[in-house]
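> Counting from 0, one number per residue, gives the positions in the sequence shown under numbering that gives the first Met the number 0. Just so it is clear, CB atoms sit at the ideal spot from N, CA and C, and this is done for glycine as well.
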Amino acid sequence: MDTLVFYKKALRILVKTARDAGLPKEKLKKYFTADKKFDLLSEEVPFEKIFERMIGSMQNRNSMPNVVKLWNKDGSANAAHKEILCGFSPRLILEKYKDDQQLFAVFSARKLVRDDKHTVLFRQWCKAVVSGARFMCEFNDSADLKKAFDAFQQNILTKAALPAFLAREIDGFGFALSCDFLKEIGYDYPKPDIHLNDVFVELTGCERKDYVVYKEILKAARQLKISAYKLDKILWLICSGKFYLDLDKNDAGIKVPGRKDDLLAAIRSA
0 MDTLVFYKKA
10 LRILVKTARD
20 AGLPKEKLKK
30 YFTADKKFDL
40 LSEEVPFEKI
50 FERMIGSMQN
60 RNSMPNVVKL
70 WNKDGSANAA
80 HKEILCGFSP
90 RLILEKYKDD
100 QQLFAVFSAR
110 KLVRDDKHTV
120 LFRQWCKAVV
130 SGARFMCEFN
140 DSADLKKAFD
150 AFQQNILTKA
160 ALPAFLAREI
170 DGFGFALSCD
180 FLKEIGYDYP
190 KPDIHLNDVF
200 VELTGCERKD
210 YVVYKEILKA
220 ARQLKISAYK
230 LDKILWLICS
240 GKFYLDLDKN
250 DAGIKVPGRK
260 DDLLAAIRSA
């Protein structure tokens with residue numbers, strides 16, 4: 000299918016999905032740019048906010064967000080987590096906790112690990128947090144980190160090397176989660192998650208591998224002359240039905256059935 004034809008079909012399906020959620024299309028614009036409070040490119044974001052976003056991306060897989068619960072429904076940090084994690088200071092975390100086991104023990108003692116089923120996921124997250132803190136302590140501040148990350152943005156090859164590098168350096172931070180972190184701090188990366196894998200494998204016939212799908216998303220975004228972030232978010236909203244920036248009567252993000260099947264059917268019918 001032609002990329003532009005696919006994009007127009009996707010936009011129509013997104014509007015239908017938003018309508019299911021009771022949202023007019025005018026309310027969708029806010030989803031297409033990253034949250035400014037984590038925007039490293041502004042050069043005004045505290046180092047602790049960047050680390051908060053990093054460990055938020057570490058929990059952004061499968062059921063882990065509902066296990067760790069780093070953020071409240073309104074997007075603010077969980078007060079208990081922020082206290083235990085020393086205000087999200089990587090340096091203070093490493094000074095206070097000798098390893099991830101000690102960090103996990105504190106979360107467990109505070110009754111934040113709800114049951115045995117969640118223990119494995121919470122331990123994995125704690126290991127990633129400590130590993131991420133060690134990585135972040137290689138930099139002096141946000142400006143120093145930005146300088147390092149900017150050096151990777153020279154061309155398509157060096158751009159892809161950054162999430163691959165992060166995946167090697169930080170425990171539990173694979174290629175897709177590294178992309179998630181980078182896109183949420185202002186860099187133009189897509190996250191090749193299961194939804195986007197499904198869509199682009201169907202659309203392009205590409206191999207089902209995160210790096211391959213990542214390249215296909217960037218290629219499509221360039222053809223459409225839109226950001227990879229926007230294309231990622233359009234497709235993710237369709238597939239997940241999670242309009243997390245709009246709250247329901249219980250102050251939780253609006254959730255409706257996704258329309259991924261409709262999108263895949265539209266691709267197949269072309």
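Tyr213 by DSSP, collapsed to three states: which one?
For the purposes of this step, residue 213 is identified with residue 214 of the sequence shown, where counting begins at 1. Three-state result, Tyr213: helix.
> Going by DSSP in three states, Ile253 sits in which element: helix, strand or coil?
Start at 1 with the first residue of the sequence shown, and residue 253 comes out as number 254. Reduced to three states, the DSSP call for Ile253 is strand.
> Do Ile237 and Arg258 have their C-beta atoms within less than 8 Å of each other?
For the purposes of this step, residue 237 is taken as the residue at position 238 of the sequence shown. For the purposes of this step, residue 258 is taken as the residue at position 259 of the sequence shown. In this structure, Arg258 lies closer than 8 Å to Ile237 by Cβ.
> In whole angstroms, give me the CA-to-CA distance for Tyr213 and Phe87.
If you number the sequence shown from 1, residue 213 lands on position 214. If you number the sequence shown from 1, residue 87 lands on position 88. About 29 Å.
> Is Leu202 near Ile216, with beta carbons less than 8 Å apart?
Residue mapping note: residue 202 aligns to position 203 of the sequence shown, counting from 1. Residue mapping note: residue 216 aligns to position 217 of the sequence shown, counting from 1. Not closer than 8 Å, so no.
> What residue does the beta strand (DSSP E) around Phe242 start on, and which one ends it?
Locating residue 242 in the sequence shown gives position 243, where the first residue counts as 1. Start and end: Lys241 to Leu246.
> Excluding the 5 residues flanking Tyr228 on each side, which residues of the same chain have their C-beta closer than 8 Å to its C-beta?
For the purposes of this step, residue 228 is taken as residue 229 along the sequence shown, with counting starting at 1. Phe31, Thr32, Ala33, Lys182, Asp187, Tyr188 and Pro189.
> In the DSSP output, which residue or residues are listed as bridge partners for Ala76?
The residue you call residue 76 lines up with position 77 of the sequence shown. Trp70.
> Go through the segment 159-203 residue by residue and report every complete run of the alpha helix (DSSP H) that reaches 4 residues or more, in order.
Here the runs fully enclosed are 174-183 and 193-203.
> Let me know if Thr16 comes out buried or exposed under the rule of 16 or more other beta-carbons within 10 Å of its beta-carbon.
Counting from one through the sequence shown, the residue named residue 16 turns up at place 17. Per the 10 Å Cβ criterion, buried.
> Pull up the CB-CB distance for Leu144 and Ile49, whole angstroms please, since I reckon it's below 8 Å.
Residue 144 sits at position 145 when you count from the first residue of the sequence shown. Residue 49 sits at position 50 when you count from the first residue of the sequence shown. Contact between Leu144 and Ile49 holds, since their C-beta atoms are separated by about 7 Å, short of 8 Å.
> Given this structure, state the Cα-to-Cα distance separating Ala163 from Ser226, to the nearest angstrom.
The residue given as residue 163 occupies position 164 in the sequence shown. The residue given as residue 226 occupies position 227 in the sequence shown. The straight-line gap from Cα to Cα measures roughly 20 Å.
> Between which two residues does the alpha helix (DSSP H) holding Tyr6 run?
Here residue 6 refers to the residue found at position 7 of the sequence shown. That run of the alpha helix (DSSP H) goes Thr2 to Asp19.
> Given that a residue counts as buried once 16 or more other Cβ atoms are within 10 Å of its Cβ, and exposed if not, what is Glu82?
Locating residue 82 in the sequence shown gives position 83, where the first residue counts as 1. When all chains shown are included, Glu82 counts as exposed.
> Check whether the segment 95-114 touches the segment 129-140, counting contact only when three or more Cβ pairs, one atom from each stretch, lie closer than 8 Å.
Output reads yes: the segment 129-140 touches the segment 95-114.
> Taking the straight line between their C-alpha atoms, what separation do you get for Asp197 and Lys35?
Along the sequence shown, one-based indexing puts residue 197 at 198. Along the sequence shown, one-based indexing puts residue 35 at 36. Taking the straight line joining both Cα atoms gives about 29 Å.
> Within a Cβ cutoff of 7 Å, which residues of the same chain sit near Asn139, ignoring the five residues on either side of it in sequence?
Numbered from its first residue, the sequence shown carries residue 139 at position 140. Nothing listed; no residue qualifies.
> Can you grab the Cα-Cα spacing for the pair Met0 / Gln222, in whole Å?
Numbered from 1 along the sequence shown, position 1 holds the residue referred to as residue 0. Numbered from 1 along the sequence shown, position 223 holds the residue referred to as residue 222. Answer to the nearest angstrom: the Cα atoms are 13 Å apart.
> Using the C-alpha atoms, what's the distance from Gln58 back to Ala175?
Counted from its first residue, the sequence shown places residue 175 at position 176. Counted from its first residue, the sequence shown places residue 58 at position 59. When rounded, the distance between both Cα atoms is 12 Å.
> If you reduce the DSSP assignment to three classes, tell me which class Arg113 lands in.
The residue given as residue 113 occupies position 114 in the sequence shown. In the structure shown, Arg113 sits in coil (DSSP, three-state: anything other than H, G, I, E or B).
> Is the beta carbon of Ser56 less than 8 Å from the beta carbon of Asp179?
Residue mapping note: residue 56 aligns to position 57 of the sequence shown, counting from 1. Residue mapping note: residue 179 aligns to position 180 of the sequence shown, counting from 1. Yes, the Cβ-Cβ distance between Ser56 and Asp179 is below 8 Å.
> Between the C-alpha atoms of Met135 and Leu40, what's the straight-line distance to the nearest angstrom?
If you number the sequence shown from 1, residue 135 lands on position 136. If you number the sequence shown from 1, residue 40 lands on position 41. Their backbone Cα atoms lie some 17 Å apart in a straight line.
> From Phe199 to Cys205, what distance separates their C-alpha atoms?
Within the sequence shown, residue 199 is the residue found at index 200, counting from 1. Within the sequence shown, residue 205 is the residue found at index 206, counting from 1. Those two C-alpha atoms are separated by around 7 Å.
> Taking 8 Å as the limit between beta carbons, can you name the residues of its chain near Leu262, skipping five residues before and five after?
Indexing the sequence shown from 1 puts residue 262 at position 263. The residues are Lys8, Ala9, Ile12, Val198, Leu234, Ile237 and Cys238.
> For the alpha helix (DSSP H) holding Leu102, just list the boundary residues, first then last.
In the sequence shown, residue 102 corresponds to position 103, counting from 1. Where Leu102 is concerned, the enclosing alpha helix (DSSP H) stretches over Asp99 to Ala108.
> What whole-angstrom Cβ distance do Val44 and Ser177 have, given they're in contact under 8 Å?
Translated into the one-based positions of the sequence shown, residue 44 becomes position 45. Translated into the one-based positions of the sequence shown, residue 177 becomes position 178. Not a contact, Cβ separation roughly 18 Å.
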